[in-house]
Amino acid sequence: MSGTKQPLTRREFVAGAVAATALVATAQVHAQEDAMIPVVDSHQHIWDLKRFHLPWTERDKPMARDFSMQDYLEATRGIPIEKSVYVEVDVEPSQQQAEADYIVELCRRKEGPLAAAVVSGRPISDQFPAYARQFKDHPYVRGVRQVLHGPSTPAGYCLQKEFIAGIRALGELGLSFDIVIRPGELADAAKLIQACPGTQFILDHCGNASVQSPDLAPWRRDIATVAEQKNVVCKISGIIAFVKPGEWQADDLAPIVNHALTVFGPDRVMYGGDWPVCNLGASYREWYDALNQIVADRPLSERRRLFHDNAIRYYRLA
Numbered sequence: 079m080s081g082t083k084q085p086l087t088r089r090e091f092v093a094g095a096v097a098a099t100a101l102v103a104t105a106q107v108h109a110q111e112d113a114m115i116p117v118v119d120s121h122q123h124i125w126d127l128k129r130f131h132l133p134w135t136e137r138d139k140p141m142a143r144d145f146s147m148q149d150y151l152e153a154t155r156g157i158p159i160e161k162s163v164y165v166e167v168d169v170e171p172s173q174q175q176a177e178a179d180y181i182v183e184l185c186r187r188k189e190g191p192l193a194a195a196v197v198s199g200r201p202i203s204d205q206f207p208a209y210a211r212q213f214k215d216h217p218y219v220r221g222v223r224q225v226l227h228g229p230s231t232p233a234g235y236c237l238q239k240e241f242i243a244g245i246r247a248l249g250e251l252g253l254s255f256d257i258v259i260r261p262g263e264l265a266d267a268a269k270l271i272q273a274c275p276g277t278q279f280i281l282d283h284c285g286n287a288s289v290q291s292p293d294l295a296p297w298r299r300d301i302a303t304v305a306e307q308k309n310v311v312c313k314i315s316g317i318i319a320f321v322k323p324g325e326w327q328a329d330d331l332a333p334i335v336n337h338a339l340t341v342f343g344p345d346r347v348m349y350g351g352d353w354p355v356c357n358l359g360a361s362y363r364e365w366y367d368a369l370n371q372i373v374a375d376r377p378l379s380e381r382r383r384l385f386h387d388n389a390i391r392y393y394r395l396a
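Read left to right, the sequence shown gives residues 79 to 396 (my numbering).
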């Protein structure tokens, strides 16, 4: 009868069952592959507000409490984190040496997976060359960062000649510079990176792209310009902090992640948890799972470079 669904033949039934079994098997293989990838978290924070003053936490009230290594271990329970890299937390500038000393001691004591550190510094300062020299060939310090997206930092700040000189000095010492900057100033970042060809740069948080931005076109253009410079890699990190808690899904993050992966390529990207700042949008586990979902169809070799190998290479953790 026209319009009546005919029953499956035996051959069709068997073929459908085989296809379904193949899909399940493929999913199981991907799950097993993911479980085999050890993770290097290239962007971990901890802080003790009894020890250090973090002025920015006065604006971000959820962050205005202590976050310890034990808290981090609890947040990452069940995730195969092999190593982590501490990234400075924008302490009061007068405390940057104390912060560096503190985190180096934690590295020496092998606190959790902590393997190395990116410490605070002010490249524009007259004292910066002497400060940075102490970290040449250091067993734990791999680079320096200064937060450039704070309200007191004007656009163009990183293009001052004194700043550029400080960044060039880092390259001469074998140290990298983590650059975290407003998305509207990525063109400035590209100019800085081009002016310092002997320094390795790590662009934090996909250039601070916001998931809630109504127009990502300027970010897409400018981060592609940054990626044209061969002495920079990109952390796939941080963007989860921009979502509305409980009102997002992995597909909301995918356009940013996939564009960054495309313009930088599989050899110049690395995973970062950005804990505990990630908690502004979602838990560590939710971010980790969402990123795995976004990249699930990519080859295992690319996913391993993203979650492990590239961080080992660029932060010299082997």
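Yeah, the Cβ is synthetic: ideal placement off N, Cα and C, and Gly gets one too. Small disclaimer: the values here were computed from a predicted structure and weren't measured.
Check whether the Cβ atoms of residue i and residue j lie closer than 7 Å to each other.
{"i": "C312", "j": "L270", "result": "no"}
{"i": "G234", "j": "F255", "result": "no"}
{"i": "F320", "j": "Q290", "result": "yes"}
{"i": "P201", "j": "G244", "result": "yes"}
{"i": "M348", "j": "A302", "result": "no"}
{"i": "V169", "j": "L132", "result": "yes"}
{"i": "Q272", "j": "Q307", "result": "yes"}
{"i": "V163", "j": "Y393", "result": "yes"}
{"i": "S203", "j": "G350", "result": "no"}
The beta strand (DSSP E) spanning residue i covers which residue range?
{"i": "Y164", "result": "159–165"}
{"i": "F279", "result": "279–281"}
{"i": "C312", "result": "310–314"}
{"i": "H337", "result": "Element bounds for H337: not the beta strand (DSSP E) but the alpha helix (DSSP H), 328–342."}
{"i": "R220", "result": "219–225"}
If you compare alpha carbons, which of the options is closest to residue i?
{"i": "D367", "options": "L151, P158, N286", "result": "P158"}
{"i": "M141", "options": "R211, A243, W353", "result": "W353"}
{"i": "V335", "options": "P116, V373, E306, E364", "result": "V373"}
{"i": "D144", "options": "E152, I115, I124", "result": "I124"}
{"i": "R260", "options": "Y180, G228, R383, K239", "result": "G228"}
{"i": "E325", "options": "V310, A360, G343, E306", "result": "A360"}
{"i": "P232", "options": "F206, V219, Q205, D266", "result": "D266"}
{"i": "Q327", "options": "E306, E364, C236, T135", "result": "E364"}
Please look up how many angstroms separate the CB atoms of residue i and residue j, rounded, as I've assumed it's under 8 Å.
{"i": "F213", "j": "L253", "result": "6 Å"}
{"i": "A210", "j": "C284", "result": "Not quite, the Cβ-Cβ distance comes to about 27 Å (not below 8 Å), so this is no contact."}
{"i": "G190", "j": "L151", "result": "6 Å"}
{"i": "E380", "j": "P333", "result": "That belief does not hold up - the Cβ atoms of E380 and P333 are roughly 18 Å apart, past 8 Å."}
{"i": "R223", "j": "V258", "result": "7 Å"}
{"i": "A194", "j": "C185", "result": "7 Å"}
{"i": "G276", "j": "R246", "result": "7 Å"}
From which residue to which residue does the alpha helix (DSSP H) around residue i run?
{"i": "A193", "result": "Where A193 is concerned, there is no enclosing alpha helix (DSSP H), although the beta strand (DSSP E) it sits in stretches over 192–198."}
{"i": "R376", "result": "Note, R376: premise wrong, no alpha helix (DSSP H); not H, not E."}
{"i": "Q205", "result": "From DSSP, Q205 is part of no alpha helix (DSSP H); its letter is neither H nor E."}
{"i": "G244", "result": "239–250"}
Are there 16 or more other CB atoms within 10 angstroms of the CB of residue i, so buried, or fewer, so exposed?
{"i": "R346", "result": "buried"}
{"i": "L264", "result": "buried"}
{"i": "A287", "result": "buried"}
{"i": "L331", "result": "buried"}
{"i": "L378", "result": "exposed"}
{"i": "E166", "result": "buried"}
{"i": "A208", "result": "exposed"}
{"i": "L101", "result": "At L101 the pLDDT is 49, less than 50, meaning the model places this residue with poor confidence and gives no usable figure here."}
{"i": "K161", "result": "buried"}
{"i": "L192", "result": "buried"}
{"i": "A305", "result": "buried"}
{"i": "A396", "result": "exposed"}
{"i": "A103", "result": "For A103, the pLDDT reaches just 48, beneath the cut-off of 50, and the residue's location in the model is therefore unreliable, although a value from the coordinates is still provided. A103 comes out exposed."}
{"i": "Q205", "result": "exposed"}
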